[in-house]
Amino acid sequence: MKGEVKVAYQGMPGAYSEKATRQLLGSSANVVAVGYPSFDEAFQAVQREDADFGVLPIENSLGGSIHANYDLLLKFGLHIVGEYDLRVEHSLLALPGVALGDIKTVISHPQALAQCAHTIAAIGAKPRAEYDTAGSAKMLADHQWRDTAAVASDLAAEYYGLQVLRRNVEDDDGNFTRFLLLSRKPDLGLDAKAGTEFKTSLVFSFMDSNERGQLYKALSAFSLRDIDMSKIESRPWGHTAKQQYHDSLAGGSDDFSLSPESARRKYSYLFYVDLIGHQTDDNIINALRHLREFCKFVRVLGSYPTKGKLLGEVRKTLEAVGAYQANPVTASPAIAPQPKAVRLNIGIYGFGNFGQFLAKTMAKGHDVRGTSRTDYSTVAAQLGCKYYSSETQLEQFFAGLDVLVLGVSILSFEGVLSKIPKHLLENLVIVDVLSVKTHPKQIMLKSLPESASILCTHPMFGPESGKYSWRGLPMMYETVRIISGEHNHVMDNFLRIFETEMCRMLEMTCESHDDYAASSQFLTHLTGRILSVQGVKNTPIDTRGFKNLVRLVEDTCKDSFDLFQGLYKFNPNSETQIQKFRESLHEVTQQLGSQPVATKAPFSDANPMTEKYPQNPLLGKIAASKTVVIHGMAKQLEAEGKQVWSLCVGEPDFAPSERVLKAGMSAMEQGKVKYTDVKGTAELRTLIAQLC
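The opening position of the sequence shown corresponds to residue 480 in the numbering used here, with each subsequent residue numbered one higher.
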């Protein structure tokens, strides 16, 4: 069994098609998204089995249908096995360090520029059309234009080392693109299941005639059976349709000439239709049978689950390589049905930067209050929260709480929890949000009253990475202890805050989290801190890789040292990572020392250097330096195994050893010293003597 699933899309790395792929199928390393220059080549990749699936756009809520892909669906005979609605969120990208006021030009695909025209005009920049959104981001990074920004996805910013100046710069927030998940084989194992909405896509045509009312009759086959039709699209009847019609006749006599009436009209069309329901539903089976009675060409393109659900063979394929996510990012909030909201009373104990960051989003649908040693009452009021002093108003803070979020530091967690009166913690759902998980889990199990339920979480983002959106950002959690059904309901509603914000929900044990975190989070911080001690900073000749290292230093050192120390002290796997780091550095250093230094072979007489690299004729008229000649003589004598002491190049800039000094004195006495004669030296010394 192969270890990865390849998915074809059209575009460069960072394109919206790749973003749709990641959100639909997950961000596992075993899902390999491969970009192709054109839609045609992406379709071919799936047909040739170079890719397992294809993710291709079919329509946009603002730009309409993507006609080329309707034609390619028929041409390549692929099957639709899923769909996904991507909320197109344009970001304004620039080089690191560039301010919004520096931007004079904005580049992107013409359609993206049109969708952001108001924002571009508002910043006083001129739009310039390029061939692609992600391609524009790459062009910006390659050319290092500091007066130019690109409109592209935030994923493109990650690929090309750009900063996001602004998110959601599109003029219309109702911009969605529908993507189809395509496979070479139909998913025949899928059938209608309770609680799952299916869609059936098909194409038909009245190829041999254009009798009056034909389209009306076709649509009646659906409406009379209460089948909801969500889309209809017409495309010209071309060579591909004729060929597939010919194949369907299996060699029977066929005449593609038009009837006299049709010939006068000259134009024939295919009709693409999307129906709500599965092709195995009785009403759709009957509708298709009815349709085939008066249509010469009918083909079902696929029956598949809607709203980004993955079932059947798609799910099995992902599970086989360990890439299936139980809670993938599905359709956008504008499309996905929202569960009934339950308003919670949430208290955040530790109302610093991260506590305020959480409160800003939680206050959208819940009653949030904060407490801390520092007075944050003004900030709390701006966020729509209540504030209580932890010194004088603790009883009021806890009154009527449903959820207590412990937003204190890793190092102070145990001490802070021990100081809260136990009776205030009774009958609460208590949540921690620390970056290490085994430590708080053990502390809470040991210290909290039995009536308290425990939810360990790690929102793996912060005020910077989650400034504009939590969409697609990872949120780890473990329900450690649930005391009652009521607490279970409260936990579900608390986690729904992150689900509604489209976080990528990761349910795992605290122990598994710390095992992963030691090799990802702690190692990242360790590397950043080490490079910071070395004084790594930008230079005039930075490569892209070096810029990423500098950015790593800035990002890790932006966090407090207490956080770094907490990651080390309270994650039992961190010491192992440090040891591995030392061992790896030692191994690489040994490899460097053991490798022989490659030396260049001298040029042969048959191929002298002067022939390979022609010199200016004037060089031949310059006499060789006598110092260099003597140095060459010394090296030649050394090569012959003779011992030579040479002080020919001026005075030594070091204290020679006693042995060298004695040898020099002896050579002077015996007349075995040669001093180079430089013209003018004697005259210069004479003049100096006369002046002194």
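The beta carbon of each residue, even a glycine, is placed where N, CA and C say it ideally should be.
Every value quoted in this text rests on a predicted model; they were computed, and no experiment measured them.
Which of helix, strand or coil DSSP assigns to Q872: It is coil, neither helix nor strand.
Assigned secondary structure, T656 (DSSP; H/G/I helix, E/B strand, else coil): In the structure shown, T656 falls within a strand segment according to DSSP collapsed to helix, strand and coil.
Stretch-stretch touch, CB-based, cutoff 8 Å, three pairs: the segment 622 to 641 with the segment 582 to 592: Yes, the segment 622 to 641 is in contact with the segment 582 to 592.
Simplified DSSP assignment, three categories, for K678: The answer is strand: DSSP assigns K678 an E or B state.
Helix, strand or coil at Q489 [DSSP, three-state]: The DSSP-derived three-state label of Q489 is strand.
Close Cβ partners of P447 (< 7 Å) along its chain, the five nearest in sequence each way excluded: Nothing can be reported for residue 447, as the shown portion of the chain is limited to 480 through 1171.
For G791, three-class secondary structure by DSSP: Three-state DSSP puts G791 in a helix.
Cβ-based neighbour list, L985, same chain, cut-off 6 Å, excluding 5 preceding and 5 following: For L985, where only same-chain residues beyond five positions count, the Cβ hits under 6 Å are P953 and M955.
Three-state secondary structure assigned by DSSP to H845: Secondary structure at H845: coil, using DSSP grouped into helix, strand and coil.
Minimum length 3: unbroken beta strand (DSSP E) runs contained in the segment 957 to 1008: Runs found: 983 to 986.
R1061 versus Y638 - alpha carbon distance: When only Cα atoms are considered, R1061 and Y638 end up about 30 Å apart.
Buried or exposed by the 16-neighbour rule on C-beta atoms within 10 Å, applied to V808: Low per-residue confidence applies at V808: pLDDT is 46, beneath 50, and the placement is therefore not dependable, though the value from the model is reported in the following sentence. Answer is buried; the Cβ neighbour count reaches 16.
Under 8 Å between C-beta atoms of S507 and A802: Yes, Cβ-Cβ distance for S507 and A802 is below 8 Å.
Option nearest N647 by Cα separation, candidates I1057, G886 and L572: The residue among I1057, G886 and L572 with its C-alpha nearest the C-alpha of N647 is L572.
Classification of E1130 by the beta-carbon crowding that lies within 10 angstroms, buried from 16 upward: Because the pLDDT of E1130 is 48, which lies under 50, any placement of that residue in the model is unreliable, and the question is left without a value.
Exposure of M970, with buried meaning 16 or more beta-carbon neighbours within 10 Å: Buried: at least 16 other Cβ atoms inside 10 Å.
Given G543 as reference, the closest of P492, R657 and V510 once Cα atoms are compared: The shortest C-alpha separation from G543 is found at R657.
DSSP three-state assignment for H558, whether helix, strand or coil: Residue state, collapsed to three classes: strand.
Pairwise C-alpha distance: K664 and H558: Spanning the two alpha carbons is a distance of roughly 6 Å.
Distance between S1053 and G514 (C-alpha atoms, nearest Å): Their backbone Cα atoms lie some 37 Å apart in a straight line.
Three-state class that DSSP yields for M618 in the structure shown: It is helical.
Beta-carbon spacing of I706, F750 below 8 Å: No. Outside cutoff.
Rounded separation between Q872 and A878 - CA only: Q872 and A878: Cα-Cα distance of roughly 10 Å.
Residue burial classification, P919 (beta-carbon count within 10 angstroms, cutoff 16): Label assigned to P919: buried.
Nearest-angstrom Cα separation, counted from K485 out to D529: Between the alpha carbons of D529 and K485 lies a gap of roughly 8 Å.
Segments of 3+ residues assigned as beta strand (DSSP E) that fall wholly inside the segment 569 to 625: With a minimum length of 3 residues, the unbroken runs of beta strand (DSSP E) contained wholly in the segment 569 to 625 fall at 570 to 573, 584 to 587 and 605 to 608.
Short Cβ contact (8 Å threshold) for L644 with L619: No. Outside cutoff.
Exposed unless 16 or more other CB atoms sit within 10 angstroms - verdict on N1050: Under this definition N1050 is a buried residue.
Extent of the continuous alpha helix (DSSP H) run through T857: Its alpha helix (DSSP H) spans residues S856 to Q861.
Exposure of L553, with buried meaning 16 or more beta-carbon neighbours within 10 Å: Label assigned to L553: buried.
Neighbourhood of D994 by C-beta, 8 Å cutoff - its chain only, sequence neighbours within 5 removed: The answer, listed in chain order, is N1052.
Which of helix, strand or coil DSSP assigns to L823: Looking at L823 - three-state DSSP - the assignment turns out to be coil, as it is neither helix nor strand.
Test item: CB-CB of A487 and A524 under 8 Å: Yes, they are a contact pair.
As assigned by DSSP and simplified to three states, the class of V1012: Assigned with DSSP and collapsed to three states, V1012 falls in helix.
CB contact flag (V895, I825, <8 Å): No.
Reference V613, options R794, A601, K498 and G849, closest by Cα: It should be noted that the sequence gives Ala, not Val, for residue 613. Each of R794, A601, K498 and G849 was checked against the Cα of A613, and the nearest Cα belongs to K498.
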